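**Q** My questions will all concern the structure given below.
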Ligand code: CUA
């Protein structure tokens, strides 16, 4: 998928997430129903005093679940790969450093900010993110996007923010200690010109 599209267009992370959710939800329901039915059946059999082995059934059940897990893993990795595919073309680079318990955003212009992430609207923003201590996760609920940040590794991803405004917010989505809940930030999306002016000041 996507081979015919221009590579400079960042993947719509919401679309990727929704595609995966459309796969996970029916699977989750099917597994839940199967487990409940199996449980009810087992309890009723036990009530009847019956306790017999069903080797073939057990093997079928276990392999069915393993197959479901394998399919989900493959689709999840493929979706992540789509998001990770490095788009060519210019992008505004922001270096993200997560540490207990705050964010640090460093822009190409040298500007550094902490509680707010300022980005240009309608442009690709390339994040190069890492952590200085434990695992944190960069999460922007509005974009249905999150990535774990591992100490010593740089995770690179691109996002685009469509409209100017500060309605979007982000947070750390991986429990990282006592003040994990404090790791929130606002996303200040500005028009290109406004962003340039801000970055240069
Ligand atoms: Cu950082 Cu949770």
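Numbering (my numbering), first residue to last: 3 to 203.
Beta carbons are placed, not taken as given, at the ideal position from N, Cα and C, and that holds for glycine.
As the structure is a prediction and not an experimental result, all values here were calculated from the model.
With DSSP as the reference, please indicate the residues paired to residue 147 in a beta bridge.
**A** Counting from 1 along the chain shown, the entry for residue 147 is found at position 145. Paired residues: 142.
**Q** Between residue 108 and the rest of its own chain, which residues show a CB-CB distance below 6 angstroms, the 5 nearest in sequence each way excluded?
**A** By one-based count along the chain shown, residue 108 stands at place 106. Within the same chain, residue 108 has close Cβ partners 97, 114.
**Q** Is the beta carbon of residue 196 closer than 8 angstroms to that of residue 170?
**A** Here residue 170 corresponds to residue number 168 of the chain shown, with the count starting at 1. Here residue 196 corresponds to residue number 194 of the chain shown, with the count starting at 1. Going by C-beta atoms, residue 170 is not nearer than 8 angstroms to residue 196.
**Q** Contact between the stretch 114-133 and the stretch 151-165 is defined here as three or more beta-carbon pairs at a separation below 8 angstroms; is this criterion met?
**A** Touching, yes, given that three or more Cβ pairs across the two stretches are closer than 8 angstroms.
**Q** Considering only their Cβ atoms, is the gap separating residue 173 from residue 157 smaller than 8 angstroms?
**A** Along the chain shown, read from residue 1 onward, the residue named residue 157 stands at position 155. Along the chain shown, read from residue 1 onward, the residue named residue 173 stands at position 171. No, these two residues do not count as a Cβ contact at 8 angstroms.
**Q** Between the C-alpha atoms of residue 182 and residue 151, what's the straight-line distance to the nearest angstrom?
**A** The residue given as residue 182 occupies position 180 in the chain shown. The residue given as residue 151 occupies position 149 in the chain shown. Each residue's Cα considered, the two are about 14 angstroms apart.
**Q** Following a CB-centred definition, is residue 141 positioned closer than 7 angstroms to any heavy atom of the ligand CUA?
**A** What you label residue 141 is simply residue 139 of the chain shown in a count that begins at 1. Not under cutoff, so the answer is no.
**Q** The beta strand (DSSP E) spanning residue 105 covers which residue range?
**A** Working through the chain shown from its first residue, we reach residue 105 at position 103. Per DSSP, residue 105 belongs to the beta strand (DSSP E) from 104-109.
**Q** Work out the CA separation of residue 95 and residue 129 for me, nearest whole Å.
**A** The residue given as residue 129 occupies position 127 in the chain shown. The residue given as residue 95 occupies position 93 in the chain shown. C-alpha separation (whole angstroms): 6 angstroms.
**Q** Who are the Cβ neighbours of residue 102 in its own chain at under 6 angstroms, not counting the five residues just before and after it?
**A** Taking the first residue of the chain shown as position 1, residue 102 is located at position 100. Only 135, 179 meet the Cβ criterion.
**Q** Jot down the residue ranges of each uninterrupted alpha helix (DSSP H) in the stretch 7-64, minimum 4 residues, whole runs only, in chain order.
**A** Here the runs fully enclosed are 15-49.
**Q** Is residue 78 helix, strand or coil by DSSP?
**A** Counted from its first residue, the chain shown places residue 78 at position 76. Three-state result, residue 78: helix.
**Q** Looking at C-alpha atoms only, which residue of 193, 79, 175, 57 is the closest neighbour of residue 105?
**A** By one-based count along the chain shown, residue 105 stands at place 103. Measuring from the Cα of residue 105, the nearest candidate turns out to be 175.
**Q** State yes or no: is the C-beta of residue 182 nearer than 7 angstroms to some heavy atom of the ligand CUA?
**A** If you number the chain shown from 1, residue 182 lands on position 180. Checking the Cβ of residue 182 against the ligand CUA gives yes.
**Q** Is residue 100 near the ligand CUA, with its Cβ less than 7 angstroms from a heavy atom?
**A** The residue labelled residue 100 in the question sits at position 98 within the chain shown. Yes, the beta carbon of residue 100 sits closer than 7 angstroms to at least one heavy atom of the ligand CUA.
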